[in-house]
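Notes for the one structure printed next.
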Amino acid sequence: MSTIFGLIIQGKLPAKKVFENERILAIEDIHPIAPVHILIMPKKEIRDIHNLDVTDWPLMGEILEVAQKIAEEKGIENGYRLLTNCGKEAGQTIFHLHFHLIGGRVLGSMG
Ligand code: AMP
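Laid out in structure tokens, this is it:
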């Protein structure tokens, strides 16, 4: 695991953990763009959503379940954004799949 998130998953770098089980880790984003900005990632080393395969669907479902749970805990269940950047041109900077859970303010359009 060679990315920053890989090192965090292995416990070699610190992070503010919000949720963890055997398959999934959620941490606070170090540069939040909203009052709630959490990164939810599989512990399995997957580069991005384009590199998922059919065996990963249950894991993706569990990530959505974790996102719902964290949104409830943070009190943003009435409005939040869950997004992932896939590839350099989309703005991905860390090549270990992660989903940004963003909320706690009016988010406006995606444009
Ligand atoms: P992306 O650009 O979609 O790859 O998102 C990477 C995100 O990781 C950015 O929002 C960064 O602020 C965040 N980030 C980078 N390093 C760390 C870190 N050590 N701990 C938590 N979040 C980080």
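Going by our numbering, the residue at position 26 of the sequence shown is 27; the numbering climbs one at a time, nothing skipped. Note that beta-carbon positions come from the ideal geometry of N, C-alpha and C, so glycine has one too.
Check                                                                         : Outcome
Sheet register partners of Arg106 (DSSP bridge)                               : The partner list for Arg106 (beta bridge, DSSP) is empty, contrary to what the question assumes.
Straight-line Cα distance separating Trp58 from His97                         : 17 Å
Inter-residue spacing [alpha-carbon to alpha-carbon] between Ile103 and Ile95 : 17 Å
Supposed close pair Asp49, Gln93 - CB separation, criterion 8 Å               : 6 Å
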